[in-house]
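What follows is a single structure, written as structure tokens, with notes after it.
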Amino acid sequence: MLTNCQINNFQLTRQIGSGAYGLVFHAVDVITENEYAVKAVMKNQAASTSASAANNDIKKSAVLQTQLYHYFKSFENRLFLPSINLDSIRGLGEEQLMRSPHFREIAMHLRVHSHPNVVTVHQVLESPLATFLVMDYYPRDLFTSIVDDQHFAHDGQLIKKVFLQLCSVLKHCHDRGVYHCDIKPENILLDGDDNAFLCDFGLSTLSTHLPANVCVGSSYYMAPERISCPTSLTSTEDNQGFPSASGDVWSLGIILINLTCIRNPWLKAHQLEDNTFHYFVKDPKVLMKILPVSQDLYQLLADILRLDPYSRISLESLMERVSACTRFTSSGPLSQVEALTEEQVHEFIIGNRGMEMKKMLYDYHSEDEEEAEDVEDDTEYSSEEESYRQLSSVDTTPNGSVDVDHVHVGVKQPKRILPDDFKSRYLQLNLSTVTNYSSQGRWLPQY
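Going by UniProt numbering, 187 is the number at position 187 of the sequence shown; the sequence numbering is gapless.
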């Protein structure tokens with residue numbers, strides 16, 4: 001439906017994913033011929049955390065697909081959109097994100113962007129209908145590799161590599177106050193060297209604690225306190241809920257079972273709705289009856305999958321014990337696995353070199369933007385405009401569209417890309433040429 005459409009120099013070739021608030025496309029840069037993933041994030045988002053909202057999510061995806069189709073058609077299938085400075089999105093506060101929720105996923109992603117196992121965001125492009133993220137493209141996700149390809153069935157070292165990378169990137173997120181809340185194989189991508197990359201921060205939160213029974217994520221990987229809080233558990237004295245980080249650790253435990261056993265232990269961690277989980281709560285050793293796990297792996301899983309989120313294993317301890325584990329299964333090719341040396345662990349989690357390379361790339365883009373902002377002109381500004389002089393390169397009409405008669409190349413002008421009643425900081429909108437961003441009011445999306 002949206003093939004052969006182009007955004008700037010990115011040619012969309014096919015749709016490769018969808019969700020409640022966005023669509024993901026495979027794209028090719030017509031200049032370099034490099035492949036990218038382009039995610040269109042809806043602007044008119046309505047919060048929905050209920051597991052029963054799946055059908056609603058499908059409808060939202062269909063609506064966005066139809067809207068994008070007509071949007072592209074109105075510009076003869078070719079859009080020229082301005083890019084937003086990544087720092088300006090990352091710096092949005094909680095109040096600003098509440099007023100402009102379509103930027104939340106992007107802001108969360110960018111706050112942890114420096115880690116080498118986070119999918120790289122190259123550009124964020126702005127339109128009246130949706131915001132487009134241009135990211136690295138990976139042809140495989142962890143689910144396909146585990147289930148369809150059985151890529152990990154005979155390689156314990158590869159399991160350790162991917163799992164340690166996941167622990168490393170999650171620790172990086174938690175250290176920066178970002179909790180993913182939707183860890184599952186479909187949100188973990190793999191490159192040709194079997195390095196793992198975390199993506200899709202659409203459900204992530206900055207809240208260190210979430211109230212009990214807040215269903216967020218996929219039921220297969222959701223911690224029990226998110227689905228139905230056991231009566232034996234009580235939250236903190238000030239009723240701030242349960243730690244968000246522990247929910248991510250629980251999800252990692254299920255993924256470890258996926259990697260070693262190629263199956264899920266239960267459909268849902270709910271005692272009344274899932275018999276297997278019901279028996280697990282009574283006796284955790286049931287895992288050894290339903291899964292081919294070794295005694296070592298069982299003991300590790302028992303510490304990960306503790307009902308009390310406050311007593312679950314830390315990510316640091318989890319990494320140490322996975323590195324030292326010598327048996328994943330009771331029999332078969334994973335029954336003998338070598339313990340990792342410190343050098344191997346460092347190599348598996350990409351080490352400092354990967355961090356430095358990503359920082360170099362980030363610094364390079366930042367320098368380019370700073371050079372563009374140094375261009376001076378003789379225009380006089382009011383005191384309010386002066387502080388935002390370098391934040392944009394276009395003027396806008398009162399309805400928010402681009403005034404094509406007053407576009408300046410290389411001269412930064414004040415520009416709001418958010419509604420006038422949104423009293424937040426300005427985002428940096430970068431333009432080098434005239435765009436058709438809602439040009440002359442030709443496209444005014446109906447929300």
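Glycine is no exception: its CB is placed at the ideal position from the N, C-alpha and C atoms. As the structure is a prediction and not an experimental result, all values here were calculated from the model.
In terms of Cα proximity to I7, the closest of V286, V134, A245, S323 is V134.
In this model, S251 and A223 are separated by some 7 Å (Cα to Cα). If you draw a straight line from the Cα of V121 to the Cα of C167, it comes to about 21 Å. As DSSP reads the structure, V124 sits in a beta bridge with L133. When V169, H174, L206, D175 are compared, the shortest CA-CA separation from I188 is found for V169. By the beta-carbon neighbour count (other beta carbons within 10 angstroms, threshold 16), A245 is buried.
Contact between L23 and L81 does not hold, since their C-beta atoms are separated by about 16 Å, which reaches or exceeds 8 Å. With a 10 Å radius around the Cβ and a threshold of 16 neighbouring Cβ atoms, S331 comes out exposed. Distances from the CA of S18 to each of T32, L206, M42 were compared; the closest alpha carbon is that of M42. Straight-line measurement puts the Cα of L305 at about 18 Å from the Cα of C215. Look at S244 here: in three-state DSSP terms it is helix. Rounded to whole angstroms, S219 and S323 show a C-alpha spacing of 28 Å. Looking only at C181, I159, L2, R99, the smallest Cα-Cα distance to R327 is reached by I159.
A check of alpha carbon separations from L12 across H26, E338, M1 identifies H26 as the nearest. With respect to the C-alpha of Y138, the residue from D191, P128, T329 having the closest C-alpha is D191. Looking from the CA of Q15, the closest CA among N44, H113, A62 belongs to A62. Taking every protein chain shown into account, the CB of G253 has 16 or more other CB atoms within 10 angstroms, so this residue is buried. Boundaries of the beta strand (DSSP E) harbouring F25: 22-29, taken from the DSSP string.
Per DSSP, M42 is one residue of the beta strand (DSSP E) stretching across 35-42.
Per DSSP, the unbroken beta strand (DSSP E) holding A196 starts and ends at 196-198.
Within the DSSP secondary-structure output, H209 pairs in a beta bridge with P243.
The distance from the Cβ of P284 to that of A302 is about 5 Å, consistent with a contact at the 8 Å cut-off.
Uninterrupted beta strand (DSSP E) stretches at least 3 residues long and entirely within the segment 312-339 do not occur. Taking a C-beta distance under 7 Å as the contact criterion, P243 and H209 qualify as a contact pair. S145 is positioned such that its CB atom lies closer than 7 Å to that of H151. The C-beta distance from T205 to C181 rounds to 6 Å, short enough to meet the 8 Å contact threshold. If you draw a straight line from the Cα of L297 to the Cα of A196, it comes to about 22 Å. Closest in alpha carbon position to A107, among N117, A212, N85, P128, is N85. When beta bridges are read from the DSSP output, Y179 appears opposite T205. L166 is bridged by DSSP to nothing; it lacks a bridge partner.
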